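Working notes, structure below.
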Amino acid sequence: MEKILLAVGFRQLEEFLEKQLKKEFVFVGTTVYREGIIRAIGQKNPDIVVIRETLEGKENILSIVYEIRQKFSKKRIIFIAGKREPGDALLATLVSYGVYDILQGEKIRAQEVVALIRKPNEYKDVQHLQPVPVLDERRNEVLFQAPNAIIQEKEIIKEIYIDQGVHAPIGKQPTEEQPINVKKQEEPEMIPVEETPVAPSKKEVKKEKKVEVPKETPKDSAKKSFLDKLVSKSEITSSFGENMVSTTKQKIITFLGSKNGVGNSSLAFNTALSLAQKGLKTIFIEFDDKTPAVSYWYELGFVEDGIDSALTALENNNFEKVEEAIVKSADLKKTESLMQKNYRKFPNTLDFMFFSNKYLTREPEEGLEAHVNMGFSKELFLYLMFQLDYDFIILDVPSDINHPATSNALLYSNKVFMTLTQDVSTIGYSIYKMNELSKKGINISKKLYYIINKFEKADLSLKEIEDWIQAENMTTVPILNKEFANANFLGLPVLLYTKNSGLRSAFQKIEKIIV
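According to our numbering, the sequence shown is numbered sequentially starting from 160.
As structure tokens, then:
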């Protein structure tokens with residue numbers, strides 16, 4: 160049987176399609192935002208991908224379709240568009256990409272989607288969606304005129320609106336023109352589809368920001384969905400990863416050690432501190448779930464709610480719980496602690512996340528790991544950026560590239576810093592990691608930067624390391640074991656302790672790369 164991946168962001172439709180087609184097709188998964196489509200195709204290898212135009216996310220929907228056609232040319236795409244006229248740029252482009260399974264309209268019957276899945280369209284079924292090319296032989300130019308096909312509108316006998324607030328965690332909040340009628344229905348009769356511009360100009364984006372959103376009452380209004388909140392404060396961009404964020408500030412930065420013990424956590428944390436000192440809202444997340452260093456140095460790890468509880472909250476759509484897992488510098492300064500003097504030196508714009516004490520001290524027989532889905536780390540990154548408005552998310556991830564938190568961090572980061580030293584084993588492992596990532600289909604070469612930590616003049620020079628790895632412009636952090644040891648002993652980040660100009664210069668260079 161053929162396999163189907165759903166990228167519609169509409170739970171009732173997903174359930175309805177699975178119920179109707181479970182004996183004919185295998186449903187291999189769903190993705191609830193645009194940025195997850197390509198990755199899901201790579202992981203699930205579906206034969207058919209159903210994409211809804213209004214799926215939440217920041218990536219341009221046509222860019223996604225183009226990438227699918229380029230990388231997975233044999234995949235069949237079913238595209239559910241909004242209310243568009245024949246000759247519309249999006250519809251015409253889809254047809255030119257060879258996507259013939261198109262449904263468009265303000266409201267689309269779920270049964271139409273079922274019928275289209277069962278019986279694919281041919282070019283003749285959608286040719287009217289393209290402008291008609293006309294050759295101007297005198298000028299040797301191809302001109303286009305509007306299609307002259309007759310479009311018949313279907314009479315809607317009965318409209319049933321689906322409650323998207325309670326049962327469907329994905330999808331935009333209905334407006335006053337689309338009231339929520341709570342009715343018991345086993346299957347969705349209509350798919351509400353909102354029109355989305357293909358590539359809005361800067362002026363259009365500015366106009367959209369001025370539109371006032373109707374106020375909601377706490378009890379009567381349905382709770383906004385997770386991804387609706389994420390995109391409400393962001394603009395549309397054309398790609399993920401390197402251009403994931405449309406502003407110049409918001410970025411996800413990952414620090415990955417080529418092996419344990421290279422000083423990756425210290426570099427990551429002090430980089431977060433450096434950014435926060437500039438007034439940028441920054442959160443440092445330590446993903447070490449066995450022997451974390453930063454939380455121990457600064458006595459920050461004794462928390463009841465941590466990364467584990469935040470991930471579980473996101474999986475259960477309990478979004479308020481996420482913020483409870485964040486340790487905030489502003490709150491630390493109010494606590495009675497022997498470290499309070501040190502906490503007062505932390506900028507208020509610096510926050511932290513660690514695994515909870517319960518999770519760190521777990522026993523294998525407790526089965527806590529089985530209940531924490533690290534796959535939701537990507538949702539955590541997006542929530543922190545678009546809902547809690549962090550400018551920078553600094554991730555200190557395990558050196559094990561098979562760890563799900565590490566692989567997600569590498570996929571969704573804007574920039575990746577790999578930490579090594581002059582120990583040849585760290586250099587060898589960095590090359591090994593890049594080869595293994597390449598086998599997994601994860602390419603970080605365009606956003607990868609190397610840091611040589613604990614650097615000093617030696618026979619193995621910086622030039623030789625760069626030639627070995629075939630990389631340029633590596634950042635070196637001088638070997639200052641005494642400075643780091645003293646700072647850790649006092650419970651201070653090294654940047655709040657040292658006066659060494661070489662060390663400060665190294666972090667300024669890292670900061671310049673990030674910003």
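Built from N, CA and C at the ideal position, the CB exists for glycine as well.
The structure displayed is predicted, hence computed values, not measured ones.
Does the separation of the CB atoms of residue i and residue j fall below 8 Å?
i: residue 177; j: residue 194; result: no
i: residue 569; j: residue 421; result: no
i: residue 509; j: residue 435; result: yes
i: residue 223; j: residue 196; result: yes
i: residue 474; j: residue 532; result: yes
i: residue 609; j: residue 411; result: no
i: residue 518; j: residue 447; result: no
i: residue 166; j: residue 211; result: yes
i: residue 255; j: residue 289; result: yes
i: residue 472; j: residue 481; result: yes
i: residue 498; j: residue 650; result: yes
i: residue 199; j: residue 188; result: yes
i: residue 607; j: residue 577; result: yes
i: residue 656; j: residue 646; result: yes
i: residue 636; j: residue 654; result: no
Straight-line CA distance for residue i to residue j?
i: residue 602; j: residue 202; result: 15 Å
i: residue 592; j: residue 419; result: 13 Å
i: residue 652; j: residue 512; result: 16 Å
i: residue 488; j: residue 442; result: 10 Å
i: residue 455; j: residue 588; result: 27 Å
i: residue 214; j: residue 221; result: 12 Å
i: residue 638; j: residue 248; result: 58 Å
i: residue 561; j: residue 535; result: 15 Å
i: residue 612; j: residue 504; result: 25 Å
i: residue 681; j: residue 542; result: Outside the shown range of the chain, which is 160 to 674, sits residue 681, and nothing can be said about it.
i: residue 631; j: residue 581; result: 16 Å
i: residue 163; j: residue 272; result: 13 Å
i: residue 461; j: residue 444; result: 15 Å
i: residue 590; j: residue 627; result: 9 Å
i: residue 244; j: residue 450; result: 59 Å
i: residue 495; j: residue 514; result: 22 Å
i: residue 660; j: residue 667; result: 10 Å
i: residue 242; j: residue 265; result: 5 Å
i: residue 573; j: residue 492; result: 31 Å
i: residue 382; j: residue 171; result: Summary for residue 382: the model assigns pLDDT 38, below 50, so the residue's position carries little reliability; its value from the coordinates is reported in the next sentence. Rounded to the nearest angstrom, the two C-alpha atoms are 17 Å apart.
i: residue 615; j: residue 428; result: 22 Å
i: residue 547; j: residue 409; result: 11 Å
i: residue 302; j: residue 230; result: The predicted model places residue 302 with a pLDDT of 48, which falls under 50 and marks its position as unreliable; any figure quoted below should be read in that light. Distance between the alpha carbons of residue 302 and residue 230 is about 31 Å.
i: residue 669; j: residue 521; result: 36 Å
i: residue 414; j: residue 558; result: 9 Å
i: residue 674; j: residue 253; result: 36 Å
i: residue 530; j: residue 566; result: 19 Å
i: residue 320; j: residue 604; result: Interpretation of residue 320 is limited by its pLDDT of 35, a score under 50 that renders its predicted location unreliable; the figure taken from the coordinates is listed afterwards. Straight-line Cα distance between these residues: approximately 47 Å.
i: residue 246; j: residue 423; result: 54 Å
i: residue 544; j: residue 284; result: 42 Å
i: residue 386; j: residue 465; result: Residue placement at residue 386 is poorly supported in this model, since its pLDDT is 48, which falls under 50; the coordinates still yield a value, given next. Answer to the nearest angstrom: the Cα atoms are 21 Å apart.
i: residue 182; j: residue 250; result: 31 Å
i: residue 236; j: residue 476; result: 29 Å
I'd like to confirm something about residue i: is its beta-carbon nearer than 7 Å to some heavy atom of the ligand FAD, or not?
i: residue 222; result: For the structure depicted, the ligand FAD is absent and the ligand set is empty, with no information on it obtainable.
Just reading off the alpha helix (DSSP H) that residue i is part of, what are its end residues?
i: residue 563; result: 563-571
i: residue 215; result: Looking at the DSSP string, residue 215 is not in any alpha helix (DSSP H), and its letter there is neither H nor E.
i: residue 445; result: Not the alpha helix (DSSP H): residue 445 falls in the beta strand (DSSP E), residues 441-445.
Shortest alpha-carbon distance to residue i belongs to which of the options?
i: residue 233; options: 208, 510, 596; result: 208
i: residue 425; options: 197, 556, 265, 658; result: 556
i: residue 594; options: 582, 482, 417, 669; result: 417
i: residue 269; options: 228, 499, 174; result: 174
i: residue 537; options: 206, 190, 180, 618; result: 190
i: residue 671; options: 183, 186, 492, 431; result: 431
i: residue 184; options: 205, 585, 480; result: 205
i: residue 633; options: 620, 486, 641; result: 620
i: residue 490; options: 497, 654, 645, 502; result: 502
i: residue 642; options: 658, 615, 635; result: 658
i: residue 276; options: 521, 565, 238; result: 238
i: residue 479; options: 539, 246, 500, 459; result: 539
i: residue 648; options: 457, 629, 584; result: 457
i: residue 629; options: 182, 586, 516; result: 586
i: residue 168; options: 192, 180, 655; result: 192
i: residue 617; options: 575, 583, 469, 523; result: 583
Where do the N-terminal and C-terminal ends of the beta strand (DSSP E) with residue i fall, by residue?
i: residue 608; result: 607-614
i: residue 576; result: 574-579
i: residue 510; result: 509-512
i: residue 635; result: 634-637
i: residue 240; result: 235-240
*Would you call the stretch 548-560 and the stretch 434-451 touching, i.e. three or more CB-CB distances under 8 Å?*
Between the stretch 548-560 and the stretch 434-451 there are three or more inter-stretch CB-CB distances shorter than 8 Å, so the stretches are counted as touching.
*Is the stretch 257-269 in contact with the stretch 277-292, if contact means three or more CB pairs nearer than 8 Å?*
Below 8 Å, enough C-beta pairs join the stretch 257-269 and the stretch 277-292 to call them touching: three or more.
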